[in-house]
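Enquirer: According to our numbering, the sequence shown is numbered sequentially starting from 182.
From the three backbone atoms N, C-alpha and C, an ideal C-beta is built for every residue, glycine too.
No experiment lies behind these values; they were computed from the predicted model shown.
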Amino acid sequence: MAATVLLPVESTTRDLDARLVLAARWVRPGRRVVVGAPADVVTAAEQLEGGGVYLGKSLFQGYREQAEGQRSARDYGRVRARGFSVAHLEDEGALLAGSRAQREHAAGRIPALAYLDTRDTLCAWGSFDQHVYRQLRPDIAERVIVTGHPRFALYRSPLRAYYEPAAAALRAELGPFVLVATTTARANPISSLERIFSASYNYQAADPRRRLAFVRQWGHTQRQLARCVELVHRLADEIDATIVVRPHPSEDESLYHAVLAGLDRVVVRREGPVSPWLLACSALLQDGCTTAVEGYLAGCPVLTYVPAEVETAHRRPLASWVGTECENEQSVIDNVRRALAGGRSQVTLPDEARELLCDLADGDAGLDGLDALIERECPPAQPGASAELAGLGRALSLARARRTLAEVARNAREAIEAGVRGSSHELRRARAERRYARAKFDVLRRADIDSRARAAARVAQRTDLAWQLLGDRLVVFEAAR
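#1: G603 to V624, Cα distance in whole Å?
#2: Return the chain-ordered list of same chain residues with a C-beta closer than 7 Å to the C-beta of S308, the five sequence neighbours on each side being excluded.
#3: Using the Cβ count rule (16 or more neighbours within 10 Å means buried), how would you classify N674?
#4: Around the C-beta of V483, are 16 or more other C-beta atoms found within 10 angstroms, so that it is buried, or is it exposed?
#5: What alpha helix (DSSP H) runs, 4 residues minimum, are completely inside the stretch 452-494?
#6: By Cβ distance, which residues of its chain are closer than 6 Å to C462, with the 5 residues on each side in sequence left out?
#7: Give me the Cβ distance between A254 and R212, rounded to the nearest whole Å; I'm assuming they're in contact under 8 Å.
#8: Starting from G400, trace the alpha helix (DSSP H) both ways and give me its first and last residue.
#9: Could you give the distance in angstroms between the alpha-carbon of R281 and the alpha-carbon of A522?
#10: For F265, which residues does DSSP report across the bridge?
#11: Spell out the partners DSSP gives G504 in its beta bridges.
#12: Would you mind giving the Cβ-Cβ distance between L240 and Y257, rounded to the nearest angstrom? I have them listed as a contact below 8 Å.
#13: May I have the straight-line CA-CA distance separating R245 from Y384, to the nearest angstrom?
#14: I'd like the span of the alpha helix (DSSP H) that includes Q228, first residue to last.
#15: Let me check understanding here. Comparing Cα to Cα, which of P457, G504 and V426 lies closest to A534?
#16: What number of angstroms, rounded off, separates the C-alpha of G264 from the C-alpha of A225?
#17: Span of the alpha helix (DSSP H) holding P331?
#18: At which residues does the alpha helix (DSSP H) containing F309 begin and terminate?
#19: Would you check if the stretch 454-471 and the stretch 331-345 touch, i.e. whether three or more CB-CB distances between them fall below 8 Å?
#20: Taking A571 and M182 to be in contact with their CB atoms under 8 Å, please state how far apart those CB atoms are, rounded to whole angstroms.
#21: In angstroms with no decimal places, state the Cα-to-Cα distance between R261 and P219.
#22: Quick check: R633 and P430, are their CB atoms within less than 9 Å of each other?
#23: Considering only the alpha carbon of each residue, which of A489, L466 and A647 lies closest to C409?
#24: Less than 9 Å between the beta carbons of A660 and R209, yes or no?
#25: Grab me the residues of A433's own chain with a C-beta within less than 7 Å of its C-beta, minus the 5 sequence neighbours each way, in chain order.
#26: Between V513 and L416, is the Cβ-Cβ spacing less than 9 Å?
#27: Count the other CB atoms within 10 Å of the CB of P189; is the residue buried (16 or more) or exposed (fewer)?
#28: From which residue to which residue does the alpha helix (DSSP H) around E536 run?
#29: Straight-line CA distance for L317 to Y296?
#30: Compute the Euclidean distance between the alpha carbons of L294 and L277, then round it to the nearest angstrom.
#31: Cα-Cα, which of G524, S373, D468 and E452 is closest to R404?
#32: Let me make sure I understand the geometry here. Which of G289, W399 and L355 has the alpha-carbon closest to that of T364?
#33: Rounded to a whole number of angstroms, what is the C-alpha to C-alpha distance between Q283 and E230?
#34: L436: which of T193, A366 and L646 sits nearest, CA to CA?
#35: What are the boundary residues of the alpha helix (DSSP H) that includes A184?
#36: Against chain B, does A442 count as a neighbour if the rule is that its beta carbon must be under 9 Å from one of theirs?
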């Protein structure tokens, strides 16, 4: 029975490529790697013999709301019952807002802290959150390790070559361009405001303190969105280069097409992962998101637009440390012009930046730590039989059929309820929810997976990598026999 590494993908845009490269890196005779949608990965855990390790964050969702807590406990139990240990790794960390005390509080709010036991591992992005986790869970202190995040490793050689063909194509198509990465999903959600103002986003209507804090954050995001639109209009008049606006995957792209219509130098595009765009652009403009760190590692000038009036509680220090902080539109314009002319500001990272994210230090200590984790928690065993994967394929088909039937029933129920109320509001909201889900995880297409898997094998220097797409939401990697 082969051992299995389970790698869930919450967002194909953000997560898929790094997972595929990890799969190519970790496959051995007797050790397979499964990459796919979170629900399908749990199904795989229940079908495959031999146990192994689950690496990711998708088992634990929500902010302690009852329904999400019950699901997290159920899925965690299902995975552990099949002989898998859990290595929890957050996909969004380090870019914490506010004072140091506020950032420590935010780091300690991950739901996984309520579930992991002494057989599991908690992966930290840096010594900052490692310290927070150990303070909150001293019983698992020795199992809290610093790994950074593997997607940042893709900006180092030789893994960087994974994105070079796509980056070269963008340079040839667009010439010099400025990339504007937005992150205002709370103000411009692809789902619905009902989802934003819900327990899923930690909106607590019955708690005045939390409710007002949430509304202040929402108001800040509204102002962020307005400032971004105003700035892009100004840039379109001031600089002689293409401006690419890339909305966050959770944002409604149509808003930008509407408010930026008629600007010849501005294009709104969101296809593919952000990494090739960062390798190809002349400058990155953002206002406090993880893309700032990726831009720094990609080697492009990073500009963080944070007007002077923005409160400390809404500032994300790491985004400013990895680039140049601009407090007004003219500062942005001047720095964009300098970047287009080939100039750039010298960036000297403070020690606290490396405390937040170990990937900012030289070397591959984070990725090496993950390699060691896999060797310890999932050593190769006997190769599995092909019948195992056939059984998994059938189980996935059955689970997919159940989800389809449930969705059909839900659609019918919502349509009936909307008709009874004389309004289509509920139906629109439900459709927005499904649009949000598709935006996070689109189906896996064979030609695309084949292309990406070949690239992953190339940069991992593997000639024995084999893969099999099961359905359209999960792919299994094995060593070719």
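Expert: From the atom records:
#1: Counting from one through the sequence shown, the residue named residue 603 turns up at place 422. Counting from one through the sequence shown, the residue named residue 624 turns up at place 443. Residue confidence for G603 is low, a pLDDT of 49 falling below 50, so the modelled location carries little weight and cannot support an answer.
#2: Counting from one through the sequence shown, the residue named residue 308 turns up at place 127. Excluding sequence neighbours, S308 sits near V327 and E536.
#3: Given that the chain is displayed from residue 182 to residue 662, the structure contains no residue 674 and the question cannot be resolved.
#4: Here residue 483 refers to the residue found at position 302 of the sequence shown. Label assigned to V483: buried.
#5: 456-461 and 472-479
#6: The residue you call residue 462 lines up with position 281 of the sequence shown. Spatial neighbours of C462 in its own chain (CB-CB distance under 6 Å, excluding positions within 5 residues in sequence) are listed in chain order as F358, L360 and C481.
#7: As a working note, residue 254 is residue 73 in the sequence shown. As a working note, residue 212 is residue 31 in the sequence shown. Wrong, their Cβ atoms sit about 28 Å apart, outside the cutoff.
#8: Your numbering for residue 400 matches position 219 in the sequence shown. From DSSP, the alpha helix (DSSP H) with G400 extends over P389 to E419.
#9: On the sequence shown, position 100 is the one that residue 281 refers to. On the sequence shown, position 341 is the one that residue 522 refers to. R281 and A522: Cα-Cα distance of roughly 37 Å.
#10: Numbered from its first residue, the sequence shown carries residue 265 at position 84. Note: F265 sits in a beta bridge opposite G233.
#11: The sequence position of residue 504 within the sequence shown is 323, counting from 1. Paired residues: none, contrary to the question.
#12: Taking the first residue of the sequence shown as 1, we reach residue 240 at position 59. Taking the first residue of the sequence shown as 1, we reach residue 257 at position 76. Indeed, because the Cβ distance is near 5 Å, the residues count as touching under 8 Å.
#13: Here the question's residue 245 lines up with position 64 in the sequence shown. Here the question's residue 384 lines up with position 203 in the sequence shown. Here R245 scores only 42 on pLDDT, less than 50, and its place in the model is too uncertain to base an answer on.
#14: In the sequence shown, residue 228 corresponds to position 47, counting from 1. Per DSSP, Q228 belongs to the alpha helix (DSSP H) from P219 to Q228.
#15: Here the question's residue 534 lines up with position 353 in the sequence shown. Looking only at P457, G504 and V426, the smallest Cα-Cα distance to A534 is reached by G504.
#16: Start at 1 with the first residue of the sequence shown, and residue 264 comes out as number 83. Start at 1 with the first residue of the sequence shown, and residue 225 comes out as number 44. If I take the Cα positions, the gap works out to 12 Å.
#17: Position 150 of the sequence shown holds residue 331. Per DSSP, P331 belongs to the alpha helix (DSSP H) from P331 to A334.
#18: Counted from its first residue, the sequence shown places residue 309 at position 128. Here the alpha helix (DSSP H) through F309 covers S308 to L317.
#19: yes
#20: Numbered from 1 along the sequence shown, position 390 holds the residue referred to as residue 571. Numbered from 1 along the sequence shown, position 1 holds the residue referred to as residue 182. With 8 Å as the limit, A571 and M182 do not qualify as a contact, their Cβ atoms being about 15 Å apart.
#21: Counted from its first residue, the sequence shown places residue 261 at position 80. Counted from its first residue, the sequence shown places residue 219 at position 38. Going by the C-alpha atoms only, they are around 15 Å apart.
#22: Taking the first residue of the sequence shown as position 1, residue 633 is located at position 452. Taking the first residue of the sequence shown as position 1, residue 430 is located at position 249. Result no, Cβ atoms of R633 and P430 do not sit closer than 9 Å.
#23: Indexing the sequence shown from 1 puts residue 409 at position 228. Answer by Cα proximity: L466.
#24: Residue 660 sits at position 479 when you count from the first residue of the sequence shown. Residue 209 sits at position 28 when you count from the first residue of the sequence shown. Yes, these two residues count as a Cβ contact at 9 Å.
#25: Sequence index remark: in the sequence shown, residue 433 carries index 252 (1-based). Sequence inspection shows Asp at residue 433; the Ala mentioned does not correspond to that position. Closer than 7 Å at the Cβ level, and outside the excluded window around D433, lie N369, P370 and I371.
#26: The sequence position of residue 513 within the sequence shown is 332, counting from 1. The sequence position of residue 416 within the sequence shown is 235, counting from 1. Judged by beta-carbon spacing, L416 lies within the 9 Å limit of V513, meaning their Cβ atoms are closer than that value.
#27: What you label residue 189 is simply residue 8 of the sequence shown in a count that begins at 1. Classification for P189: buried.
#28: Reading the sequence shown from its first residue, position 355 is the one you call residue 536. Looking at the DSSP string, the run of the alpha helix (DSSP H) that includes E536 is D532 to L537.
#29: The residue you call residue 317 lines up with position 136 of the sequence shown. The residue you call residue 296 lines up with position 115 of the sequence shown. C-alpha separation (whole angstroms): 12 Å.
#30: Taking the first residue of the sequence shown as position 1, residue 294 is located at position 113. Taking the first residue of the sequence shown as position 1, residue 277 is located at position 96. Whole-angstrom Cα-Cα distance: 18 Å.
#31: Position 223 of the sequence shown, counting from 1, holds the residue named residue 404. Among G524, S373, D468 and E452, the Cα nearest to that of R404 belongs to D468.
#32: Taking the first residue of the sequence shown as position 1, residue 364 is located at position 183. The shortest CA-to-CA distance from T364 to any of G289, W399 and L355 is the one to W399.
#33: By one-based count along the sequence shown, residue 283 stands at place 102. By one-based count along the sequence shown, residue 230 stands at place 49. When rounded, the distance between both Cα atoms is 44 Å.
#34: Here residue 436 corresponds to residue number 255 of the sequence shown, with the count starting at 1. Closest by alpha carbon: A366.
#35: Along the sequence shown, one-based indexing puts residue 184 at 3. Premise fails: A184 lies in the beta strand (DSSP E), A184 to P189, not in any alpha helix (DSSP H).
#36: No chain B is part of this structure, which consists of one protein chain only.
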